[in-house]
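See below for the structure under consideration.
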Amino acid sequence: MMDNKRRKFLKMAGATVLAGISAPAIVKLSSTDAVASGGGQEAAAGGHSQSAAGASSARIRLGMVVDMRVFYQDQALLDVAIEACVKAHNIPEIPDRKSEIKWIWKTGYENAFPEHSHNHRSQILEHNQFAVLCNHCDNPSCVKACPTKATFVVEKNGIVAMDFHRCIGCRFCMAACPFGARSFNWQDPRPFIKRYNPDFPTRMRGVVEKCNFCGERLALGLEPACVEACKGTGALVFGDLNDADSEIRKVLDEEFTIQRKPSAGTIPSVFYIV
Amino acid sequence: MIEKTLKGKPAYWIWLAILGALIAIGWACYFRQYAFGLGLTGMSRDVSWGLYISQFTFLVGVAAGGLMLVLPYYIHNYKAFARITILGEFLAISALVMCLMFIMADLGQPLRGLNVIFFPTPHSMLFWDMCVLWGYLLLNVLCGWVILTAERKQVPPPKWIYIFVAISIPFAVSIHTVTAMLYCGLPGRHFWLSAIIAPRFLASAFAAGPSLILIACLVMRKYADFDAGKEAISKLTTIIMYAVIINTFFFLLEFFVGYYSEVPGHIHSLQYLFFGLEHNGEVYNNLVPFMWVATLFNFTGLGILAYMKIFKVFDYRLVGTAAVLIFLALWTDKGLGFVFAGFVPNPLEEVTEYIPTLNELGITIGVWATGFFLLTLLYKIAIGVEHEVEQ
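Listed in order, the protein sequences are those of chains Z and R. Residue numbers 150 to 423, in our numbering, belong to the letters of the first sequence in order. Residue numbers 104 to 494, in our numbering, belong to the letters of the second sequence in order.
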């Protein structure tokens, strides 16, 4: 049942990606290049503004539910998900905490949810690690701050994407993000990539990067790497928040969920069942 | 007029040589950073802006501070500032050049800097900051040069220049307001998210800029045979005194809001700056000594100025001491504490302290030396012209 729904979503996600690009002849190029590089060419194709196909297809807003109940049972699963992301995106593993690059990572409850924190937390919250990643906010403060539009909202699916080739490395977005979701390449990251994945570009020093909700994989009809790593467990539910029939909406309708720092007003797209 | 820079006493050349050496060190350090990346600095994922941006922020204030001379002289026709208004304009030029250099030093991809112009983004405050900084720089170059040229020819400046002088007044306010908006518009950074940041920046700017001009006047009085005049100096100390009082008042209001409301986000950064922030059993306090020394300097400087006003005393040594103390206090407040503490704690309530590296200090000193080098040349020209006119 669940898998069926997911398949339905993927079909739909794939279809929108194709629709967004409009000309079938460039689909192949786009699915590898444009989305994979974080939207550089998408920008040229209208990614910054209303896309040409925007009128015919309803606007999709991708989101994620992190069901911590699954991770409480299996903390190792979170490591598997993180590992999948590291591998998919050539994320350098830099030992020095100062220069770390993190897209999805683990942290304590009081770190992930300082606004929902108090002195008498349950043992479960106290002793588990929580997955944190870019919230792909509906009203992202990083996008507002960026002086070159190197980070922007992809109109057709709501992903907050990065153009690594336009970023000047001013790090204004890092100061602006209320979730600490952004990392800066303080040095050449390439020597720190453990397993090189030729399907995704590596970055150069001096640019900011972060989770891209696997825009490059969605373009190929694949799920995000972390979601795929947790397949069948329901730990990470991914889908269109604007589609009332989607699996993620069903979960959100049924369960009590919280978000990180709702008071910042950025309207995150990542929800947590804790 | 540039030829005025080519003649000087040995002290002038020694001073330029020292600055030149520091500039060379700065460039050497910058090449190292350019080759490796910003990893050669003490900045980190958590404290993603450091000395470069904090110096930039402070120097925008120094540039805006020139307004405290331009406004009385041009708008209120205060004649005692006739000789030194040009110093305010030239200080603004040097300070803005330093600002732009610090921005470039801070960019991860400096060669892409022009992307800010190629892809103008009005919803980014950095875009507007670029506009007003360049605007103010060009206005000061234009006004300073035209007015000084007229003075040299001993004719009144052309009427049209006063339009630009008038425009430069709101521009001076705007450069520091927009710079404050870089900080005070960010959700999730509680220390910066305060409506009083822009007024506080302006108040401290109107003390820091004139303090530096005052110090320059005293140095030039001793070494360059240039007397700004007792009345001008005395008026400057009044301006500085009130600006410091207002700045201190604004700062104390931040303390009240934090410690009376006891909202943690409003306390954390102040706690980190002045008392040390305890986190997971460890106390983070590397800025505490700086902040208390700055507090001491601030109130001592203020005390000296108040003493001079109340007891009608005038002494160049007292003026100099007060100006130096106040300048250092304001530099510590805005050029260190304000930027660094905004990142503590980080959005995940973890604490990372920032300690600049030697390479980073080298670049920072190099940029300051470049600014002072330029300032020296500009002041040499200004004084040269005044001496020429007097003969």
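Just so you know, even glycine gets a beta-carbon here, dropped at the ideal spot from N, CA and C.
Length of the line joining the Cα atoms of residue i and residue j
{"i": "R:C320", "j": "R:M204", "result": "25 Å"}
{"i": "R:Y326", "j": "R:T403", "result": "27 Å"}
{"i": "R:T160", "j": "R:I266", "result": "28 Å"}
{"i": "R:C202", "j": "R:L194", "result": "12 Å"}
{"i": "Z:G414", "j": "Z:I422", "result": "20 Å"}
{"i": "R:H371", "j": "R:F294", "result": "8 Å"}
{"i": "Z:Q190", "j": "R:N218", "result": "In this prediction, Z:Q190 scores a pLDDT of 37, lower than 50, which makes its location untrustworthy; the coordinate-derived value is nonetheless stated afterwards. Spanning the two alpha carbons is a distance of roughly 16 Å."}
{"i": "R:T424", "j": "Z:H276", "result": "57 Å"}
{"i": "Z:V292", "j": "Z:F420", "result": "21 Å"}
{"i": "R:A310", "j": "R:L190", "result": "15 Å"}
{"i": "R:V165", "j": "Z:H269", "result": "49 Å"}
{"i": "R:W118", "j": "R:V386", "result": "42 Å"}
{"i": "R:K483", "j": "R:K107", "result": "7 Å"}
{"i": "Z:M435", "j": "Z:I407", "result": "With chain Z covering only 150 through 423, there is no way to say anything about residue 435 of chain Z."}
{"i": "R:F475", "j": "R:P113", "result": "17 Å"}
{"i": "Z:H238", "j": "Z:F313", "result": "13 Å"}
{"i": "Z:H285", "j": "Z:P241", "result": "22 Å"}
{"i": "Z:P417", "j": "R:M171", "result": "45 Å"}
{"i": "Z:S171", "j": "R:L229", "result": "Confidence at Z:S171 is low in this model, with a pLDDT of 36, below 50, so the placement of that residue is unreliable and no value is reported for it."}
{"i": "Z:P327", "j": "Z:K359", "result": "14 Å"}
{"i": "Z:D287", "j": "Z:G307", "result": "7 Å"}
{"i": "Z:C363", "j": "Z:C375", "result": "9 Å"}
{"i": "R:F184", "j": "R:A472", "result": "27 Å"}
{"i": "R:D232", "j": "R:V416", "result": "42 Å"}
{"i": "R:L154", "j": "R:W395", "result": "19 Å"}
{"i": "R:A298", "j": "R:L356", "result": "11 Å"}
{"i": "R:N243", "j": "Z:H265", "result": "51 Å"}
{"i": "R:E493", "j": "R:R255", "result": "10 Å"}
{"i": "R:A198", "j": "Z:E377", "result": "54 Å"}
{"i": "R:I348", "j": "Z:V303", "result": "49 Å"}
Residue i vs residue j beta-carbon contact at 7 Å
{"i": "Z:G383", "j": "Z:V219", "result": "yes"}
{"i": "R:I128", "j": "R:G469", "result": "yes"}
{"i": "Z:C379", "j": "Z:L226", "result": "yes"}
{"i": "R:V200", "j": "R:L477", "result": "yes"}
{"i": "R:I300", "j": "R:A275", "result": "no"}
{"i": "R:P450", "j": "R:G291", "result": "yes"}
{"i": "Z:V214", "j": "Z:V400", "result": "yes"}
{"i": "R:G145", "j": "R:P459", "result": "yes"}
{"i": "Z:R344", "j": "Z:K236", "result": "yes"}
{"i": "Z:A325", "j": "Z:S271", "result": "no"}
{"i": "R:L376", "j": "R:L390", "result": "yes"}
{"i": "Z:S332", "j": "Z:K247", "result": "no"}
{"i": "R:G445", "j": "R:S157", "result": "no"}
{"i": "Z:G259", "j": "R:R148", "result": "Sequence inspection shows Glu at residue 259 of chain Z; the Gly mentioned does not correspond to that position. No, the Cβ-Cβ distance between Z:E259 and R:R148 is not below 7 Å."}
{"i": "R:H279", "j": "R:V163", "result": "yes"}
{"i": "R:L433", "j": "R:S277", "result": "no"}
{"i": "Z:V309", "j": "R:G211", "result": "no"}
{"i": "R:I187", "j": "R:F329", "result": "no"}
{"i": "R:D436", "j": "R:A397", "result": "yes"}
{"i": "Z:I209", "j": "Z:D389", "result": "yes"}
Per DSSP, the bridge partner or partners of residue i
{"i": "Z:R254", "result": "The identity of residue 254 of chain Z in the sequence shown is Trp, whereas the question assumes Arg. DSSP lists Z:V281 as partners of Z:W254."}
{"i": "R:I342", "result": "BP columns for R:I342 are empty, so no partner."}
{"i": "Z:M311", "result": "Z:T300"}
{"i": "Z:S332", "result": "Z:E358"}
{"i": "Z:V386", "result": "Z:V214"}
{"i": "R:H382", "result": "R:E385"}
{"i": "Z:I422", "result": "Z:D216"}
{"i": "Z:I407", "result": "Z:Y421"}
Problem - Secondary structure, beta strand (DSSP E): runs of 3+ residues fully inside the stretch 184 to 229 of chain R - result: none
Problem - Inter-stretch contact (C-beta, 8 Å, three-pair minimum) for the stretch 338 to 352 of chain Z and the stretch 121 to 139 of chain R - result: no
Practice task
Answer yes if the stretch 456 to 463 of chain R comes into contact with the stretch 141 to 150 of chain R, meaning at least three C-beta pairs across the two stretches below 8 Å, and no otherwise.
Solution key: yes
Exercise for the section: Evaluate contact between the stretch 313 to 330 of chain Z and the stretch 233 to 251 of chain R, counting only Cβ atoms and requiring at least three cross-stretch pairs below 8 Å. Expected result: no
Practice task
Assess, as a yes-or-no matter, whether the stretch 281 to 292 of chain Z is touched by the stretch 173 to 189 of chain R under the definition of 3 or more beta carbon pairs within less than 8 Å.
Solution key: no
Problem - Stretch pair the stretch 303 to 323 of chain R + the stretch 417 to 432 of chain R: three plus CB contacts closer than 8 Å - result: yes
Handout entry: Three or more C-beta pairs below 8 Å linking the stretch 296 to 316 of chain Z and the stretch 213 to 227 of chain R
Key = yes
Problem - In chain order, each alpha helix (DSSP H) run of at least 4 residues that lies wholly inside the stretch 377 to 441 of chain R - result: 391 to 413, 419 to 435
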